[in-house]
Structure formats: C-alpha cells, structure tokens
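J.: Numbered by this note's numbering, the letters in the sequence shown go through residues 116 to 238 in order.
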Amino acid sequence: MQQYETVIILTPLLSEDVSKEAIAKFRDILKEGGAEIVHEDNWGLKKLAYPIEKKTTGFYHLIEFKAPGELISKLEIEYKRDERVMRFLTVRLDKHAIAYNEKKRSGAFNKKAEAPKAAEVAE
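(1) Ends of the alpha helix (DSSP H) at E136?
(2) Check this for me: beta carbons of I178 and E155, under 8 Å apart or not?
(3) Assuming V206 and E120 form a contact by the criterion Cβ under 8 Å, report the distance between their Cβ atoms to the nearest whole angstrom.
(4) I'd like the ranges of any alpha helix (DSSP H) spanning at least 4 consecutive residues and lying wholly in the region 152-230.
(5) Rounded to whole angstroms, what is the Cα-Cα separation between T116 and K181?
(6) At a threshold of 7 Å, does S188 count as lining the ligand GTP (C-beta to nearest heavy atom)?
(7) With contact counted as at least three CB pairs below 8 Å, one residue from each stretch, are the region 165-173 and the region 120-132 in contact?
(8) I'd like to know whether the C-beta of L125 is nearer than 8 Å to at least one C-beta of chain C.
(9) Between which residues of its own chain and G184 is the CB-CB distance below 7 Å, once the five residues before and five after are set aside?
(10) Is it buried or exposed, H211, if we count other Cβ atoms within 10 angstroms and call 16 or more buried?
(11) Within 10 angstroms of the Cβ of S221, are there 16 or more other Cβ atoms? Answer buried if so, exposed if not.
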C-alpha cells in the first residue's frame, strides 16, 4: 500500500454540519476501500488564490492515508460527482514527504532555536 494525501476544497456556502458530513462521506469511502487514515487536518475557511465558480473562499480539508492504488480513482470519481467539492488534489507521497509530514506532526518545526546567552557570547 502506498501513502497518499488529498486536499479537498468545499464550497463556502455549506454549514458546519454539512461540511463535516461531506468529509465523513469521503472518510467512509476510504475506510470501505481498505485505506488506513494516518492524519486528518481541517484548515477551515481560507481565501482562494483565484475565484472558482464566482467564490473567493472555500473550506479546506487534508487527509493523509495509506491505500491501494485502485482506490484513488474511485475516490476521485466521488469527488467529481459531489457538487459540494470545488477542487481536490490527491498525491502519492515519497519517503521524503512521509518523513517531512511525520516531523511536522511531531512539532519539530515549531521549536525556536535558542539564542546564545549573553554570558556565552562574552566568553
């Protein structure tokens, strides 16, 4: 099984409950297809880089999962059929992307480097 991540942009006209229902639908499709969800992240309402269907914002949601390759085409067909989805992108992660995502989730990039203390600099 390969590791993938998919980003979905849902229309901003949806209520909170309807957007959660849409994400749950895609999560269920993944689980029924034998996928293992590694990580999920709801980015919330974000401004789009360019208007899509005369909308300037959208609800972003990221799902990282391990799945067989044939499940991806089924998932993307469901994205295309659902009118709540404005855009989507699914990519296969290589070993470097997987390592990067694991470091990011563990908070390795959030730690600030400590500045040398004045006493250490003076020596």
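Glycine included, C-beta positions come from ideal geometry on N, C-alpha and C.
T.: So, to answer that:
(1) 131-147
(2) yes
(3) 6 Å
(4) 185-196, 210-221
(5) Sequence check: residue 116 is Met here, not Thr. Going by the C-alpha atoms only, they are around 6 Å apart.
(6) Annotation note on the ligand GTP: not contained in the displayed structure, which lists no ligands.
(7) yes
(8) The structure shown contains no chain C; it holds only a single protein chain.
(9) Q117
(10) exposed
(11) exposed
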